[in-house]
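Enquirer: One structure, as structure tokens, below. Some questions next.
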Amino acid sequence: MEFDREMENLARFEKTFVGIVENPGMTYNIQESFNLEGYFNIKATPLRANLCLFEELVDGELEYLVKEAQDWVGQWFKEIRRSKPSDVDNERVTWLWCYGIPCHLWCSKLFQFLTSPAGTFICMDEDTKNHNKLDVARVMVRTKYNLVLNETFNIGVNREAFSIKIVEDSQGPLRIVMAKNMAKEEVEKR
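Each residue of the sequence shown is one higher than the one before, starting from 2 at the first, in our numbering.
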């Protein structure tokens with residue numbers, strides 16, 4: 002397939018910068034961090050987990066920030082540079098549901114092992130970490146953007162086989178918001 006982009010639409014991106022974050026997934030918090038530090042003249046837009054697009058609302062603001070606040074910028078970014086049309090993040094961060102895990106195997110080391118074929122383990126949610134629910138584990142991974150994560154496999158532990166199902170949480174924040182709204186409606190009915 003071939004797509005021709007109109008040149009006048011590209012003008013917006015000629016003055017943009019791209020930042021490569023230190024920790025994948027932090028792109029989603031960058032705008033808030035900039036605002037908290039008083040940098041209101043820079044618009045930060047996530048380009049998935051690793052890259053962040055910056056647009057200056059005032060010319061020269063980002064270059065000034067990079068020079069004058071190197072330590073602060075360095076805690077967030079490996080690099081900030083002029084953007085290129087080829088800047089596309091080939092990774093993403095997602096939550097996985099893990100089913101069929103025996104409670105005696107429930108630990109961070111196992112989740113790292115189970116998710117290694119899908120990507121890089123980042124963390125577990127609080128319920129998983131605190132053993133609040135042992136029917137399903139929820140873990141976050143960094144993975145390639147083109148992978149669809151829905152796998153069942155067997156693992157052997159002390160000569161016993163366990164069937165483990167790993168499914169990507171496709172609802173994510175929507176499911177959480179819906180659950181909160183339903184709980185709020187229940188309280189209002191009372």
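Beta carbons: idealized from backbone N, C-alpha and C, even for Gly.
Tell me where the beta strand (DSSP E) around residue 122 begins and ends.
Expert: 121 to 125 is the extent of the beta strand (DSSP E) around residue 122.
Enquirer: For residue 31, tell me which candidate among 118, 138, 73 has the shortest Cα-Cα distance.
Expert: Per the Cα distances, 73.
Enquirer: Counting Cβ pairs closer than 8 Å, one from the stretch 83 to 97 and one from the stretch 46 to 64, do we hit at least three?
Expert: Cβ pair count under 8 Å is three or more, so yes.
Enquirer: Can you say whether residue 160 is buried or exposed, counting buried as having 16 or more other CB atoms within 10 angstroms of its CB?
Expert: Answer is exposed; the Cβ neighbour count stays below 16.
Enquirer: Output the distance between the C-alpha atoms of residue 84 and residue 132, rounded to the nearest integer angstrom.
Expert: Cα-Cα distance, rounded: 44 Å.
Enquirer: In or out: residue 162 buried (at least 16 other Cβ within 10 Å) or exposed?
Expert: Label assigned to residue 162: exposed.
Enquirer: Quick check on residue 35: buried or exposed, where buried means 16 or more other Cβ atoms within 10 Å of its Cβ?
Expert: The residue in question, residue 35, is buried, as its Cβ has 16 or more Cβ neighbours within 10 Å.
Enquirer: DSSP three-state call for residue 93: helix, strand or coil?
Expert: Residue 93: strand per DSSP, three-state reduction.
Enquirer: Just the Cα atoms here: how many angstroms apart are residue 4 and residue 128?
Expert: Straight-line Cα distance between these residues: approximately 46 Å.
Enquirer: Tell me, to the nearest whole angstrom, how far the beta carbon of residue 23 is from that of residue 77; I am working on the premise that it is less than 8 Å.
Expert: Residue 23 to residue 77, Cβ: 6 Å. Contact.
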